[in-house]
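Below you'll find the structure, written out as structure tokens, and then a few comments.
2 protein chains.
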Amino acid sequence: MATLADVARRAGVSPATASRIISGSTKLVTDELRARVLRAVDELQYVPNAHAQLLARAQRTAVGVIVHDVSDPYFAEITRGLQQVATAHGRLVIICNSYRDPARELEYVELLRAQQVAAIVLAGSGYHDAAFTKALKSKLAAYTRTGGRVSVIGRHELPGDAVMPANEEGGYLAGAELFTTGHRKVGVVAGPRVLTTTTDRLAGLRRAARESGRTLPAKRIAYAGFDRDGGAEATAALLDASPDLTAIVALNDSMAVGALATLRERGIDVPGQVSLIGFDDMSIARDVTPALSTVRLPLTEMGARAMSLALDNTDGPARVEPVEAVLIRRASSQPLTSR
Amino acid sequence: MATLADVARRAGVSPATASRIISGSTKLVTDELRARVLRAVDELQYVPNAHAQLLARAQRTAVGVIVHDVSDPYFAEITRGLQQVATAHGRLVIICNSYRDPARELEYVELLRAQQVAAIVLAGSGYHDAAFTKALKSKLAAYTRTGGRVSVIGRHELPGDAVMPANEEGGYLAGAELFTTGHRKVGVVAGPRVLTTTTDRLAGLRRAARESGRTLPAKRIAYAGFDRDGGAEATAALLDASPDLTAIVALNDSMAVGALATLRERGIDVPGQVSLIGFDDMSIARDVTPALSTVRLPLTEMGARAMSLALDNTDGPARVEPVEAVLIRRASSQPLTSR
DNA sequence: CCAACGCAGGAAAACGCTTTCCTGAGGCTA
DNA sequence: TAGCCTCAGGAAAGCGTTTTCCTGCGTTGG
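Residue numbers (my numbering), protein chains in the order written: chain A, 833 to 1171; chain B, 833 to 1171.
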């Protein structure tokens, strides 16, 4: 691997001069030397060692992102927004997949700190796990204390700026849509109960039920993995326990797609026999049949805003940016009365 | 930011000893000192500077991956495989999105080289662009010359090991399925013509046509972006140009989903009036209605194998691992004769 | 004609760590 | 008791950059 010293030697200049030319310092250098150095760079195919640079200039440029899984479309969308803003600012982003493992999440905070990132964005849902939250808090605090910036999507209990999707409100919208149009027995296909996303969305559904004088008994809530197969599985469990459901809310669109598969498999017409509402409005929602009613969250924008917060290092109290949820009516749900 | 020196001072030992304890050297150290150092680490919330470590031990540990876009499900799947293997080997992976911009791809090779990655995996399709390919080749050669490893998915003309999906064969399978069951006018919804993936798959389709004594005239091939909206757009163009098509092949599943949307919009029954075959067998293929016939490529496995190749640094000639394509028959296609 | 100044370029310190090499103390054998 | 070996721990030399500070030359102005 060619080093700066090699380049300097070949060009017959000092490393100092070579460095100045290569990394564009403001200091003036003759065109003559400049040309010699650039030629040497070209001939040696020299690329500066980023780690040495980082060590020498005390300037951190990369940013870190911790998500549950980039290949999950939900996070893919968010990540797209994060990337957009980061690249616009000339920042490299390091993406870490925690695969919903709190321990791994903790490790990644260390790793990003070790990488000297300028900011860390936590894009995954929070956990209901006091010990873990405390540990995470302390690690993040240590990081911010040394000048690192933190921003999170959701989970307000952490230090740093936050982008707060209206999960509760979104759950409420979905619930209200069903309960106010005659549905009484509504099942919920829910993600893991340890995730705050799950509980927040559920809380909204409960509020909607309450307002319509209904309830959401435990047997009408099935928890499973936050993906397609989890949705299929939970829906099967739900239908077995309460065959008389007239509507199902899935707590994200992936699960809703799984629900659709199970319903189709059992020959249950959607929305004829059972109405279905998803959550997130991922692009697949338009493409399944029937098209999925869902609660839209502007995922890409959420990512972009979280990164903007992380990169904007003005002091001051932690900022919280709310993000609105809006109900999208499509073909998979209908009033019960219309039967 | 606490440094190793701070820890050493607090523990009353030399930096050498502290380093040995913290990064687990084989050298023996008394339990007494060990305890003091670990306590200091804990109190100071010390995390070693990864860049300084990298500079000191001349040992590269991260690996780089260049894809078109992680949030595209095709690459998300591949990336999942890449990550799995990398994490199993204790490697950090740096993901770079080129967004199908050759210039950016070139830049990222430099960047990864600067980051001293142990290997670079190129997971995006190749381009038909001689100047670019030459530039890329030379940059990669400079990298391998200094001990870096390169592996690519597809595009065999680059140096290094390769995982070669059977794109041509897959195109052939899709084409044969249609041409041998009575379809004569088959349209193609294709990705950008500069991508080798597009041309390889098309070549397979052409071969199938030829074998059945048919052709694939230019007017029955519509090129567009390799995503859902591109598929919708290309399908519209195709139908306008040739209203008498009885089948369409989309060169990936995202485009197929877009095609489905356009067909539905125009009230054209699938597969009643037009048969549709996609490519890749992404999970969405099962979930649209009708379920999509498609050519399956084991994407996650391809990623895993590419990373394995990249990480296995035995010398020798470049290895090429072929990956088979298999036709999956679902509801979106049927023989023409059955009408 | 000399002092002062401007400016191009180099020497060397610093960044935070690892690791080789060295030191000195203790324990063993003869 | 002398000599040697073992072993814990420290000093210091890197790793590849950047950057501060310094040098020495050529200009300029008085």
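Where a beta carbon is used, it is the ideal one built from N, C-alpha and C, also for glycine.
Below-9 Å beta-carbon distance, residue i vs any chain A residue
| i | result |
| --- | --- |
| residue 900 of chain B | no |
| residue 1145 of chain B | no |
| residue 1084 of chain B | no |
| residue 1060 of chain B | yes |
| residue 1166 of chain B | no |
| residue 946 of chain B | yes |
| residue 903 of chain B | yes |
| residue 886 of chain B | yes |
| residue 1037 of chain B | no |
| residue 1139 of chain B | no |
| residue 1092 of chain B | yes |
Best match in the options for proximity to residue i [C-alpha to C-alpha]
| i | options | result |
| --- | --- | --- |
| residue 1004 of chain B | B:1043, B:1036, B:895 and B:979 | B:1036 |
| residue 966 of chain B | B:1107, B:1061 and B:991 | B:991 |
| residue 934 of chain B | B:1159, B:971, B:1135 and B:910 | B:971 |
| residue 977 of chain B | B:999, B:961 and B:950 | B:950 |
| residue 1134 of chain B | B:1040, B:1093, B:916 and B:924 | B:916 |
| residue 873 of chain B | B:855, B:1113, B:1102 and B:885 | B:855 |
| residue 946 of chain B | B:980, B:1159 and B:1151 | B:980 |
| residue 1071 of chain A | A:1018, A:952 and A:879 | A:1018 |
| residue 952 of chain B | B:1109, B:973 and B:1013 | B:973 |
| residue 1147 of chain B | B:838, B:993, B:883 and B:1162 | B:993 |
| residue 1074 of chain A | A:1050, A:1087, A:1092 and A:969 | A:1050 |
Proximity test, Cβ basis, 9 Å: residue i and chain B
| i | result |
| --- | --- |
| residue 1171 of chain A | Confidence at residue 1171 of chain A is low in this model, with a pLDDT of 47, below 50, so the placement of that residue is unreliable and no value is reported for it. |
| residue 979 of chain A | yes |
| residue 1053 of chain A | no |
| residue 854 of chain A | no |
| residue 943 of chain A | yes |
| residue 883 of chain A | yes |
| residue 879 of chain A | yes |
| residue 999 of chain A | no |
| residue 787 of chain A | The shown model of chain A, from 833 to 1171, leaves out residue 787 of chain A, and the question about it has no answer. |
| residue 953 of chain A | no |
| residue 1126 of chain A | no |
Proximal residues to residue i (C-beta, below 6 Å), its chain only, five neighbours per side dropped
| i | result |
| --- | --- |
| residue 1028 of chain A | 957, 958 and 987 |
| residue 1171 of chain B | Note that residue 1171 of chain B scores 47 on pLDDT, short of 50, meaning its location in the model is unreliable and no value can be drawn from it. |
| residue 936 of chain A | 930 |
| residue 896 of chain A | 926, 944, 949 and 952 |
| residue 834 of chain A | 876 and 878 |
| residue 1142 of chain A | 951, 953, 981 and 983 |
Three-way DSSP call (helix, strand, coil) for residue i in this model
| i | result |
| --- | --- |
| residue 1145 of chain A | coil |
| residue 926 of chain B | strand |
| residue 1122 of chain A | coil |
| residue 1055 of chain A | strand |
| residue 1019 of chain B | strand |
| residue 1085 of chain B | helix |
| residue 1027 of chain A | strand |
| residue 975 of chain A | helix |
| residue 931 of chain A | coil |
| residue 854 of chain B | helix |
| residue 1100 of chain A | coil |
| residue 1171 of chain A | The predicted position of residue 1171 of chain A is uncertain, since its pLDDT is 47 and thus under 50; a value taken from the coordinates is nonetheless stated next. Three-state result, residue 1171 of chain A: coil. |
| residue 988 of chain A | coil |
| residue 1049 of chain A | coil |
| residue 1165 of chain A | coil |
| residue 969 of chain B | helix |
Beta-carbon contacts of residue i that lie in its chain and below 8 Å, excluding the five residues immediately before and after
| i | result |
| --- | --- |
| residue 931 of chain A | 900 and 901 |
| residue 1107 of chain B | 1010, 1015, 1078, 1079, 1080, 1125, 1164, 1165, 1166 and 1168 |
| residue 871 of chain B | 843 |
Cβ shell of residue i (< 7 Å), same chain only, five flanking positions each side left out
| i | result |
| --- | --- |
| residue 1155 of chain B | 995, 996, 997, 998, 1129, 1130 and 1134 |
| residue 1089 of chain B | 1060, 1063, 1116 and 1120 |
| residue 940 of chain B | 898, 928 and 930 |
| residue 861 of chain B | 849, 852 and 853 |
Beta bridge counterpart(s) of residue i as assigned by DSSP
| i | result |
| --- | --- |
| residue 952 of chain B | B:896 and B:982 |
| residue 996 of chain B | B:1154 |
| residue 1127 of chain B | B:1159 |
| residue 1079 of chain A | A:1018 and A:1107 |
| residue 1112 of chain A | A:1128 |
| residue 959 of chain A | A:1027 |
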